[in-house]
Every structure is written in C-alpha cells, then in structure tokens.
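S.K.: Dropping the structure in here first, questions after.
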Amino acid sequence: MRKDIREIAETGSWSEEILSQLLSLRGEAQKELLLLGGEYLQKYRGKEVYYRGLVEFSNICTKDCYYCGIRKSNGNVERYDLSDDAIVEAARFACRNRYGSMVLQSGERDDPHFVERIDTLLQTIKKETDGKVGITLSLGEQTEETYRRWFKSGAHRYLLRIETSDESLYRQLHPDNDKHRFHKRLDCLKTIQKVGYQTGTGVMIGLPGQTLNHLAKDLLFMKDFDIDMVGMGPYIEHEETPLYQRRGELWSPEERFLTSLNMVALLRLMMPDINIAATTAMQAIDPVGREKAIQAGANVIMPNITPSNHRKDYLLYQNKPCIDEGADDCSNCLSVRLEMIGHKPGFDQWGDSPHFFSRQR
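Mapping of the sequence shown onto my numbering: residues 3 to 363, in sequence order.
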C-alpha cells in the first residue's frame, strides 16, 4: 500500500477519486499512509516543529457563522478585548521563550479603530522584540488597503480559513448576506497572496453534510491555490450555535479525528514543502492528537499564550484543551511531548514555508 501511495505522490497524479479512497483508509492501510506522511515531513522539512504563540486577543465578532461559539448572536458569551499592554507582553513572552513567531487572532472586525489599532500593535511588537518575533495575523476579511498596511507594519503571514472550498456547503454554514459571501472570502485569500503574505487557509473536517468527496476537493483546492500554510482539524460542535441542531448527522468524533489525520498526511504528500499546523481541535478529541498529527506530517504548533483568565471566553467549540493552563505550563509541556515522539522545537526561528520562497521565484 505504501509503495502505491508513494508512486502517486512522486508522480503527482492526484485526483478527487484517488483522494476520496485514501481518506477512507483505516487500520493497517491507514497506518501506512500516516507513516509515509511522517516520512515526507522528515525528508523535506526535518525534525523541527515550529512554535507560533497564539494570542486570542478579542472575542468581539461582527460575523454570525453557524458553527462558531463566538458568533455575534451568541448572547451567552462574555465579550473581552485585551489591552494593548497585555498583547505586547504576550509578544515579549514569546520572545523570551524563543518561540520565533506569534499569531494575533480575534473575532472578525474591519472598523477604522480596529484597523488602526492592529497597525500600531504590529509596529510596537516589532520594536519591543527587536524584530525577532515573526507575526501571523488571523483577522478575517479586510480590504486590500488594510492587508497592505498591516504587511508594511510587520506582519508577514496571514491565515484566512476558507472552512470549505464547496460553495453550496459554505452557504449551509453561514447566513445569506453580504457579510458571509463565499466569493468575497476567496477574493480576500487571493488578495492576501497578491500583497505578499505567506498565505494560509484551512478547512473543518466532518461537518454536517460534508462527504469525503468534499474533502478531496478541499485538498485539490489548496494545492491548486498554491497555499503556503494550512490549519485544519475536526469540526467540533458548540451547543450555542445553529449548526448544533444538525449534530445527529455528524460522524463520530473518532471518525472526524482519523479523517483529519489522513488529511494532514495526504496534504504533506501533495505539498511537501508547506507548513501544516497540528491544531488544538485534534487535541480536543484525542489527548495526544497534536502529536499524532505531527507524526502524520504536521510541523507547526500554536501554544496558547493568551492570559489564561480569558481563554474560557474564546471557545469556538466545546471541550477546548488547555484553557486553565498558564502560558509557562503550555510551553514546558509541549517541548517534552515533542521529544517523546522524536521531534524537537524549532526555537528562535520564524519557521517560514519554503513553498512561499519557491513560489516567489
């Protein structure tokens, strides 16, 4: 089996049909696939796993996505907005702990005050860390002018998850209004790439109404789009969202998790030089889910460095891990867990995607 998959990987002869079949692998055949994903990771990217200190600095959101716990209409969420000082202190923590990079993530906003604030924060973080900390933004849909402004102020990676590359499925996950248009999101992703960011996207795996064919198309979409980095993981329901009403249609958590591992391995085989995150949602289903994702081909982890008193308020889904741990606990625990599976932290490195630089040539 591994020989057959290797042959497909080497010739690049991926198709929707082949990918759907490989996504369904379980048992020994799945083990072979995951081992090959891990082998490709070691061959093309080595043993290092890069840290991105994650700061979830605000759960105030203007969008109303049907799957998300911090959607605008959820009145049960205690909204917060970290102070600039707290965000800059988190950046200093990332620098002191040799993380190399950080991610600024929040609910989606595009008002002038927000845009200005991010601009100032980027410049302050660069100054306070002597330019040592690489910055990824995950701040949703913005204008080209805003993307350019933030890029100029020091952000160099941007993650905008498409959630699904299938337009009809996308419509089932979002309200039917101008705030939630599939093509607008796609256009933003293209703009991010055009501006010069290392461009990231991702999908949820195991959504109501989603099939393996949808996921196969997602993989082909990411390859065709020439994406530089990916964050994807199992869909985990939140009871205070409209999509929770469709929980009867869901695959079991284990099926969502196993399919997610196959997605990671297959994407590593399809795009050996990109960055793939071992997402927190993997750990929400399996206590060693992130480690299993790394063994299957992921090479980025995002330790949460948000002040722990606010983590409980940034619940995009239920059973989110590490909400009670301080940032120091998270950091120490991760290094040990990586070494146990034969990997090592890529300390003091931005850990940029080689794919991005190949794309620039």
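Every residue gets a Cβ at the ideal spot worked out from N, C-alpha and C, and that includes glycine.
Note that the coordinates shown come from a computational prediction; the quantities given were computed from them, not determined experimentally.
Just reading off the alpha helix (DSSP H) that S360 is part of, what are its end residues?
M.R.: Counting along the chain, the alpha helix (DSSP H) containing S360 begins and ends at 356-362.
S.K.: Taking C-alpha atoms, which residue in A267, R47, H115, K219 lies nearest to H357?
M.R.: Taking only the C-alpha atoms, the option nearest H357 is R47.
S.K.: Give me the Cβ distance between L1 and P289, rounded to the nearest whole Å; I'm assuming they're in contact under 8 Å.
M.R.: The structure shown does not extend to residue 1, since the chain is modelled only from 3 to 363, so the question has no answer here.
S.K.: So F59 is in the beta strand (DSSP E); what residue range does that whole segment cover?
M.R.: Segment 50-60, the beta strand (DSSP E) holding F59.
S.K.: Considering only their Cβ atoms, is the gap separating T203 from R159 smaller than 8 Å?
M.R.: No. Outside cutoff.
S.K.: On the three-pair Cβ rule with 8 Å, is the segment 262-272 touching the segment 29-37?
M.R.: In short, these stretches touch, since the Cβ pair count reaches three.
S.K.: If you draw a straight line from the alpha carbon of K128 to that of R4, how long is it in whole angstroms?
M.R.: Each residue's alpha carbon lies about 45 Å from the other.
S.K.: Under 8 Å between the Cβ atoms of E130 and G208?
M.R.: No; because the gap between Cβ atoms is not below 8 Å, this pair is not in contact.
S.K.: Have a look at G40, Y101, V57 and flag the residue whose alpha-carbon is nearest the alpha-carbon of K49.
M.R.: If we check each option's Cα against that of K49, G40 comes out closest.
S.K.: I need the straight-line Cα distance from L1 to M342, nearest angstrom please.
M.R.: Beyond the ends of the chain as shown, which are 3 and 363, falls residue 1; an answer cannot be given.
S.K.: Would you mind stating whether S167 and K219 have Cβ atoms separated by less than 8 Å?
M.R.: In contact: S167 and K219 (Cβ atoms closer than 8 Å).
S.K.: Tell me which residue opens and which closes the alpha helix (DSSP H) that M265 is part of.
M.R.: Looking at the DSSP string, the run of the alpha helix (DSSP H) that includes M265 is 255-272.
S.K.: Taking E91 as the reference, give the member of P210, F59, E118 with the closest Cα.
M.R.: Considering only alpha carbons, the answer is F59.
S.K.: Measuring alpha carbon to alpha carbon, tell me which residue in S140, C97, D87 is nearest V105.
M.R.: Of the candidates S140, C97, D87, the one whose C-alpha sits nearest the C-alpha of V105 is S140.
S.K.: Is it buried or exposed for P236, if we count other Cβ within 10 angstroms and need 16 for buried?
M.R.: It is buried - the Cβ of P236 has at least 16 other Cβ atoms within 10 Å.
S.K.: Are the beta-carbon atoms of R292 and I276 separated by less than 8 Å?
M.R.: No. Outside cutoff.
S.K.: Return the chain-ordered list of same chain residues with a C-beta closer than 8 Å to the C-beta of E1, the five sequence neighbours on each side being excluded.
M.R.: The structure shown does not extend to residue 1, since the chain is modelled only from 3 through 363, so no value can be given for it.
S.K.: Measure the beta-carbon distance from S26 to L214 and round it to whole angstroms, keeping in mind my assumption that it falls under 8 Å.
M.R.: With 8 Å as the limit, S26 and L214 qualify as a contact, their Cβ atoms being about 6 Å apart.
S.K.: So with Cβ pairs under 8 Å, would you call E241 a contact of chain D?
M.R.: Here chain D cannot be found, since the structure has a single protein chain.
S.K.: Would you list the one or two residues that DSSP bridges to K346?
M.R.: Answer is E50.
S.K.: Since C63 and R73 are thought to touch, with beta carbons under 8 Å apart, how far apart are those beta carbons, to the nearest angstrom?
M.R.: Indeed, because the Cβ distance is near 7 Å, the residues count as touching under 8 Å.
S.K.: Taking just the CA atoms, how far does G136 sit from L124?
M.R.: Roughly 10 Å separates the two Cα atoms.
S.K.: Spatial neighbours of G348 within its chain, please: CB distance less than 8 Å, with the 5 preceding and 5 following residues excluded, ordered by chain position.
M.R.: E50, V51, Y52, Y53, G102.
S.K.: Between the Cα of E9 and those of G344, R363, D354, L268, spot the shortest distance and give me the residue it belongs to.
M.R.: If we check each option's Cα against that of E9, L268 comes out closest.
S.K.: Can you give me the start and stop residues for the alpha helix (DSSP H) that M224 sits inside?
M.R.: Per DSSP, M224 belongs to the alpha helix (DSSP H) from 214-227.
S.K.: Report yes if the CB atom of D66 is closer than 8 Å to the CB atom of P210, and no otherwise.
M.R.: No.
S.K.: Compute the Euclidean distance between the alpha carbons of W352 and E239, then round it to the nearest angstrom.
M.R.: Straight-line Cα distance between these residues: approximately 33 Å.
S.K.: According to DSSP, simplified to helix, strand and coil, what is P236?
M.R.: Strand.
S.K.: Determine the closest residue to G198 out of S85, E146, V57, with distance taken between C-alpha atoms.
M.R.: G198 has its Cα closest to that of E146, out of S85, E146, V57.
S.K.: Below 8 Å between beta carbons: does that hold for L21 and T308?
M.R.: No; because the gap between Cβ atoms is not below 8 Å, this pair is not in contact.
S.K.: Distance check for D230 and S360, CA to CA, integer angstroms please.
M.R.: Answer to the nearest angstrom: the Cα atoms are 10 Å apart.
S.K.: Going by beta carbon distance, what residues of the same chain come within less than 7 Å of A96, once the five residues before and after it are set aside?
M.R.: Excluding positions up to five away in sequence, the list reads G55, M104, V135, I307.
S.K.: I'd like the span of the beta strand (DSSP E) that includes G353, first residue to last.
M.R.: Run containing G353: none; DSSP gives neither H nor E here.
S.K.: Which first and last residues belong to the alpha helix (DSSP H) in which L124 is found?
M.R.: Start and end: 114-130.
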